[in-house]
Every structure is written in structure tokens, then in C-alpha cells.
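According to our numbering, the residues represented by the sequence shown are 8 to 698, in order.
For each residue, glycine too, the CB sits at the ideal point set by N, CA and C.
What follows is a single structure, written as C-alpha cells, with notes after it.
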Amino acid sequence: MTNPLLSPSGLPCELPDLRAIRAEHFPPAFEAAMRADLVAVETVLACRDAPSLANTIAVLEREGLFLDRVESTFFTLISANLTRDLQGIYEELATKLSQHRADITLNRALYDRIAAVPEDGLSPAELRVLGEYRRWFERSGVLLDAGAQTRLRQINDRISTLGIRYGTQLVRENERAAVLVTDVARLDGLDASDIEAAAAAATEAGHDGGYLINLLAFTSQPILANLHDRSLRQAIHQAAMDRGRGPSSPTGPLPTRSGEDLRPIAAELAALRAEQAGILGFSSHVDFVISGASAGSPQRVREMMAKVTGPGVANAVAERSALEQAAGYAIEPWDWPYWTAQASSEAETGQAPLREYFELESVIHEGLFRTARELYGLEFRARPDLAGHLPGVVVYEATHIETGETVGLLLGDWWTRSAKSGGAWMGSLVHQNRLTGQKPVVTLNTNFTAVPPGQPKLLNPAEVVTLFHEFGHVLHGLLSDVHFPSFSGTKVARDFVEFPSQVHEMWVLHPDVLPHYAKHFRTGEELPTRLADKLRSGDSRGPGFAIVEYLTATAIDLAWHERTERDPEPDLEAFDADALRAAGLEVRGIDPRYTSATFKHIFAGGYSAGYYSYLWSEIIDADAVEWFNRAGGLTRQAGRRFADSILTRGNETAPMDCVRELLGREPDMGPLLTRRGLTGEPAGVVQPAAE
């Protein structure tokens with residue numbers, strides 16, 4: 008049997024032959040790709056010529072594309088549909104991949120050859136590549152003694168195993184925690200398509216009737232905004248809070264589902280990361296991570312959080328007070344989205360619901376793709392002759408308008424499924440690079456509830472923002488123009504990668520964009536100006552809620568990863584609440600965006616000690632939005648400048664150098680504070696340190 012992973016597919020842009028790939032193809036492909044990596048190392052070390060980029064780093068990069076292709080395909084599939092077969096392979100691979108990477112990055116002879124590459128005559132991008140390679144090896148522990156390296160290998164193996172276990176079990180927890188409703192009357196407030204989708208989900212899950220409410224990644228579920236039944240809202244919210252907490256730790260008076268307690272895994276991961284940081288000479292995992300990021304130091308991150316916490320909490324308290332006046336009772340976490348939506352719907356009396364103006368295909372073609380055409384000269388067209396990784400995945404080809412040249416491929420996977428990772432994300436199947444001439448292949452993944460065939464999919468405003476955000480990542484991958492694949496597209500610092508995606512959120516409500524895609528799905532009527540202005544006025548649940556909910560997750564992340572080897576065992580039941588109390592983020596009615604038991608970003612997603620990145624990137628984003636407005640807005644000239652300074656550079660230029668080139672200075676926090684409504688106290692509200 009031919010293994011389609013063992014060689015390039017020959018399809019456009021080297022898109023993997025996804026129709027032909029089976030789970031059993033991956034183990035031998037990984038083994039072959041890892042062997043090829045080690046052969047490349049031997050080739051480099053056997054070279055008798057003086058070290059150079061061409062005979063050292065270029066060799067590693069070129070030969071590493073085999074493993075990159077296999078890995079990228081594998082992680083695309085397990086994120087989209089974590090079957091039991093793929094999960095078993097994933098768990099077996101964890102230690103092998105960890106050991107393989109250590110065999111390379113702890114190879115002192117290889118490091119010495121890289122360190123010996125002369126810097127004279129190198130371009131700025133080549134100097135960056137050389138410096139980053141040296142740093143990667145050093146931060147892996149290549150300069151440590153044998154005993155320390157042995158312990159680092161053990162730690163890395165265990166971290167890989169635990170991270171996979173946390174992530175895969177969280178997918179199962181999401182499946183287990185779905186809420187089954189037997190009485191359709193309790194779904195009052197949902198539209199017909201949502202009710203039909205819930206019925207279909209129940210059938211798919213094997214239930215004999217009923218309506219299944221699948222949970223999304225966040226604690227606060229979007230469906231709460233529409234459900235009139237308060238007890239059902241509470242049950243859904245509690246199910247979300249109880250995920251990953253085990254069978255004996257209910258958070259409220261309602262029965263909880265049984266399941267695995269993921270918090271001990273989180274605690275062990277944090278402890279291992281603390282030990283790893285200590286071996287490498289850092290005070291904590293936070294210190295280790297941020298020292299290699301664009302923020303530069305934990306102190307800068309803490310200062311950033313301090314500037315927004317007090318005003319954010321004050322705004323949230325004021326918002327809650329207004330909601331309680333409308334509700335007539337104390338607002339709990341399951342009430343906040345609902346009563347905010349009620350206030351909004353009162354303002355919309357006589358108007359069609361907002362979502363009727365946001366039809367998925369219109370948002371994609373007249374929102375995302377039209378914006379890319381105006382800014383960057385890109386044209387997208389469907390390629391039905393090319394197969395995605397699952398039924399329903401749409402493949403688009405991006406081309407330059409002027410030349411017709413192919414830029415790359417985009418695979419859109421819009422629909423939720425029980426074994427799909429939560430949330431939304433962009434991924435890469437093929438990384439652009441000039442070394443081999445590869446063009447990029449990227450994915451855009453969301454978890455929209457499917458609708459029956461022939462019916463339009465209507466989005467809420469938050470889902471539209473999500474699409475524009477992830478499309479920003481897509482453009483970062485597609486417009487990459489670098490030489491080495493390891494530096495391509497979104498392979499930049501975690502606290503920088505969110506900047507391009509957040510900037511592209513500015514186009515959601517931009518007057519040159521919104522009228523083209525926000526049209527009533529039946530009548531074609533444009534979104535009324537009054538409703539557009541209301542959307543522009545702020546977050547659907549208020550600026551206070553938005554910033555506090557975000558900061559809760561950041562505080563939990565930092566609390567776990569500021570721990571040291573000397574700290575006592577954490578109290579898992581109290582950890583999250585203690586972290587929020589210490590950060591001044593206890594606000595009745597707002598539960599953390601993620602708990603320690605549901606925080607895939609930091610325990611299985613590469614964002615450990617890095618969830619602050621979204622706010623750090625937003626500082627740059629808010630400043631860049633003002634730059635875009637000064638530069639003419641939705642114009643090819645502004646888009647070309649942004650692409651040349653930011654999107655094309657990958658990691659071959661230091662991130663903050665890219666920002667300074669665009670802005671002509673260091674970024675300023677002022678635009679962010681203004682955007683978030685954090686420049687002063689709400690009228691009549693006394694600012695508390697915490698509540």
C-alpha cells in the first residue's frame with residue numbers, strides 16, 4: 008500500500024492528498040521523516056567546508072520539510088476530528104517527537120557548527136535567522152552539563168505526554184458535558200435553525216430524541232444570550248464550569264457530570280515548567296517565556312495589566328448595576344449575556360434581529376475576500392476539484408489580481424463537530440519559503456453550528472469578528488515572503504502573532520466594508536445605520552465585561568507559571584479563585600473565561616505564560632488602526648505598506664522592528680485605553696480594587 012505522506016503530493020501548492028491519507032499512514036511517515044532529519048544532521052556535521060548558512064542551516068531547513076509536512080497534516084486532522092485512532096497515535100508519538108527534537112537541539116557539535124557560521128556579509132534577515140538558531144539551541148539547554156540535559160529530556164518528555172493528555176481529554180470532556188434538553192419549550196428564544204441543529208446534534212450523539220446543546224471553548228456560552236429559561240441557562244453554564252473538574256467537584260446546586268479531573272495534570276505541567284525554567288537559569292516559566300518574546304520582561308506585562316484592571320473592574324460593576332435594574336434580581340454569570348441581549352433587543356424594536364444581516368457566505372465573500380482584494384490585491388475562488396480534510400471543507404485558491412499568479416490555498420472548515428477542538432484557529436499545512444519555492448496552504452477553522460441543507464447560516468456579531476480575526480492570521484500566512492520555512496508566516500513570537508489578526512478586526516464595522524456584506528439574507532437590505540452605529544459603540548456585553556473576562560484567564564495563566572520549585576503544592580479547589588482575588592479581578596457575575604480545567608491555550612496549546620499576548624498585541628493593534636486611518640483606510644497603498652512592513656516578514660525580522668518600521672516609533676498604549684473605555688472612571692461609580 009502506497010503511503011501518500013512519504014512524498015509531496017504533486018497537487019497545487021503541494022496540498023497533501025487528504026482524500027488518500029489514513030490514520031495508519033502516520034506512524035511510518037513520522038519514523039521516516041525523523042530519520043531524514045537525523046541524516047541531515049549527519050550530513051551537516053560531515054561537511055568539511057567552512058560553516059555557512061548554505062551548508063548548515065539551509066540543509067537543516069530543506070530536509071526538515073519532510074517532517075514539517077507530516078506534522079502539519081497530522082495536527083490539522085486531529086484538531087478537526089480527533090478520532091480514537093488518531094488519539095492513540097498522538098499519545099504514542101508524544102515522547103518520540105520530544106526525544107527527536109532534543110536529539111537535535113542538544114547536539115553540541117551541531118550547535119558549535121551553527122555558532123561558527125561567520126556573520127560577515129550576511130543580510131539583516133540572515134543575521135536574524137542565524138541568531139534565532141543559536142538562541143533556540145541555547146534555550147533548549149545545549150550549553151548545560153550532561154546531568155542537566157538528561158533531566159531536561161525527562162521533563163520535556165513528560166510535558167509532551169501531559170499536554171497531549173490534557174488536550175485530548177478536554178475534547179472528551181466537551182463531548183461529555185453537552186446538555187440534553189427533552190422539552191423543546193425550554194429552548195424558547197432560539198430560532199428555528201438553532202433548534203433544528205440541536206435536534207440533529209442529539210441524533211448524531213446517539214440520543215433517542217431531544218435537543219443537545221454542545222459546549223464551546225469559553226466558559227460563557229454564546230447561546231445564553233438567547234435562552235429565556237433561566238434554569239436552563241444556569242445548567243448550561245454550570246456544565247461549562249464543571250468540565251474537567253472530576254465527578255466530585257460540582258460548582259453549584261445542580262447535578263454535575265462525571266469525568267476526568269484535569270487540574271492535577273495542569274498542576275504537574277506547571278511544576279515541570281517551573282523546574283525546567285530553573286535548570287535553564289530563569290526564576291520562573293513566566294520569566295523564561297517572556298524573556299524570549301516581544302514584551303521582553305514580566306514587569307512590562309504586569310504594568311500593562313495594572314493599567315487596565317482597575318478601570319475595567321469599575322466598568323464591569325457599572326454595567327452589572329444597569330443590568331440588575333433591568334432584570335430586577337442579582338445578575339449571575341448565566342444572566343449577563345441574556346440581559347445584555349435583552350437591552351440590545353429593546354433598542355432594536357421594529358428591526359430584524361442582527362444575525363439576519365450576517366449570512367456566512369456573504370461575510371466570507373463580500374467581507375473577508377473583498378477586504379483582501381482592496382487591501383492586498385488578492386482574489387479568492389473556490390476549487391471544488393481539490394479535496395479538504397473532511398466533507399464540508401471548502402478549498403479556495405488565492406491569486407494576485409494583477410498577475411494571476413497563485414499565492415496559495417485556503418481551506419475553510421466552518422462547522423462544529425463533537426471531536427473537533429473548541430474555538431477558532433488558523434493553521435498551516437504548507438509553509439511558504441523561497442528556499443524550495445513552496446507556496447503556502449493554510450486553514451481557517453471555526454465551530455459554527457451547522458444548519459440543514461439549503462438553509463442560510465446566520466452569524467452573530469461576535470462570530471463575524473472571529474472570522475475577520477482568523478482571516479488576519481490567514482493573510483499573515485498567505486502573504487509571507489521569507490527564505491527559510493522555519494521563519495515563515497505566523498512562526499513569530501506568541502505575543503506578536505495576534506497583532507496582524509487583531510488589526511484585521513478593524514474592517515468588521517468599517518464603513519467601506521460593512522455595507523457590502525451586512526445585508527438581510529432575504530431582502531438584501533443593508534444593515535440600518537442606527538444598528539451599525541450601535542455595534543460600533545462597543546462589545547456586545549460591555550467593555551467592562553470584555554476586559555475583565557479576558558484578564559481572569561490571563562491572571563490564572565500567570566499564577567500557574569510564576570510558581571517556582573520552592574512553592575508548596577497548590578490547592579486545586581481554590582487556585583482559580585485565589586488567583587483572581589490576588590489580581591483584583593473578583594467580580595460577581597463574571598466567571599473566568601477559562602478555568603484551570605479548561606485552559607487548552609496554556610496547558611495544551613503553546614500559550615503557557617503567554618495568554619497576556621492578546622492584550623499586548625492589542626496595544627500595537629490599536630495604534631496600527633489609527634495608522635491605517637491616517638494612511639487612507641481601505642486602500643491598496645495602505646495595504647501594501649502594512650504587508651511590506653508586517654505580513655511578509657515572518658520571523659526573519661524582529662517583531663518590534665517591524666512595528667517601528669510601520670509606525671515610525673514605539674507603540675503607544677493610549678489608543679488601546681481609549682478603545683476599551685479605560686481612560687477614566689464611569690460616571691457615578693467608585694473604582695474598587697476588587698469586589
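Let me know the secondary structure DSSP gives residue i once reduced to three states.
i           : result
residue 88  : coil
residue 75  : helix
residue 263 : Below a pLDDT of 50, predicted positions are generally treated as unreliable, and residue 263, at 44, falls in that range; the measurement from the model is reported next regardless. Of the three classes helix, strand and coil, the one that applies to residue 263 here is coil, per DSSP.
residue 415 : strand
residue 464 : coil
residue 341 : coil
residue 499 : coil
residue 336 : coil
residue 508 : helix
residue 252 : strand
residue 356 : Bear in mind that the predicted position of residue 356 carries a pLDDT of just 42, short of 50, making it too unreliable to give a figure here.
residue 420 : strand
residue 455 : strand
residue 450 : strand
residue 258 : In this prediction, residue 258 scores a pLDDT of 49, lower than 50, which makes its location untrustworthy; no coordinate-derived value is stated.
residue 515 : coil
residue 628 : helix
residue 691 : Its pLDDT being 28, under 50, residue 691 is placed unreliably by the model, and the measurement read from it follows with that caveat. Reduced to three states, the DSSP call for residue 691 is coil.
residue 485 : helix
According to DSSP, which residues form a beta bridge with residue i?
i           : result
residue 219 : 187
residue 666 : Residue 666 pairs with nothing; no bridge assigned.
residue 366 : 465
residue 386 : 406
residue 445 : 440
residue 533 : 526
residue 432 : 452
residue 401 : 419
Whole angstroms is fine: what's the gap from residue i's alpha carbon to residue j's?
i           : j           : result
residue 287 : residue 616 : 16 Å
residue 576 : residue 154 : 26 Å
residue 143 : residue 298 : 13 Å
residue 643 : residue 184 : 47 Å
residue 517 : residue 525 : 11 Å
residue 166 : residue 539 : 47 Å
residue 685 : residue 324 : 13 Å
residue 19  : residue 79  : 17 Å
residue 59  : residue 122 : 10 Å
residue 436 : residue 480 : 14 Å
residue 162 : residue 276 : 9 Å
residue 9   : residue 441 : 29 Å
residue 498 : residue 504 : 8 Å
residue 597 : residue 338 : 9 Å
residue 487 : residue 655 : 4 Å
residue 513 : residue 555 : 21 Å
residue 327 : residue 603 : 25 Å
residue 659 : residue 292 : 25 Å
residue 95  : residue 168 : 12 Å
residue 285 : residue 594 : 35 Å
residue 689 : residue 365 : In this predicted model, residue 689 has a pLDDT of only 43, less than 50, meaning its place in the structure is not dependable; the value taken from the coordinates is given anyway. Near 32 Å, if we compare the C-alpha coordinates of residue 365 and residue 689.
residue 671 : residue 661 : 15 Å
residue 48  : residue 114 : 9 Å
residue 296 : residue 562 : 16 Å
residue 25  : residue 117 : 35 Å
residue 188 : residue 566 : 37 Å
residue 401 : residue 63  : 39 Å
Whole-angstrom Cβ separation of residue i and residue j, contact assumed at under 8 Å?
i           : j           : result
residue 110 : residue 71  : In fact, because the Cβ distance is near 13 Å, the residues do not count as touching under 8 Å.
residue 454 : residue 431 : 7 Å
residue 164 : residue 112 : Actually they are not in contact, since the Cβ atoms of residue 164 and residue 112 sit about 14 Å apart, beyond 8 Å.
residue 226 : residue 601 : 7 Å
residue 422 : residue 367 : About 10 Å; that fails the 8 Å criterion.
residue 301 : residue 502 : 5 Å
residue 571 : residue 83  : Incorrect: roughly 37 Å between the Cβ atoms, too far for contact.
residue 618 : residue 564 : 4 Å
residue 496 : residue 483 : 6 Å
residue 568 : residue 373 : Wrong, their Cβ atoms sit about 42 Å apart, outside the cutoff.
residue 669 : residue 645 : About 11 Å; that fails the 8 Å criterion.
residue 97  : residue 610 : With a Cβ gap of about 15 Å, residue 97 and residue 610 do not count as contacting.
Check whether the Cβ of residue i lies closer than 8 Å to any Cβ atom in chain D.
i           : result
residue 506 : The question asks about chain D, but that chain is absent: this structure has only one protein chain.
Next item on the list: Could you name each continuous alpha helix (DSSP H) segment of 4 residues or more that falls completely within the region 573-621, going from the start of the chain to the end?
Entry: 582-589 and 607-611
Checklist line | Those runs of the alpha helix (DSSP H) which lie wholly inside the region 22-54 and span at least 4 residues | finding: 33-53
Item checked: Segments assigned alpha helix (DSSP H), at least 4 residues, entirely inside the region 112-183 -> For the region 112-183, whole alpha helix (DSSP H) runs of length 4 or above, ordered along the chain, are 115-122 and 131-147.
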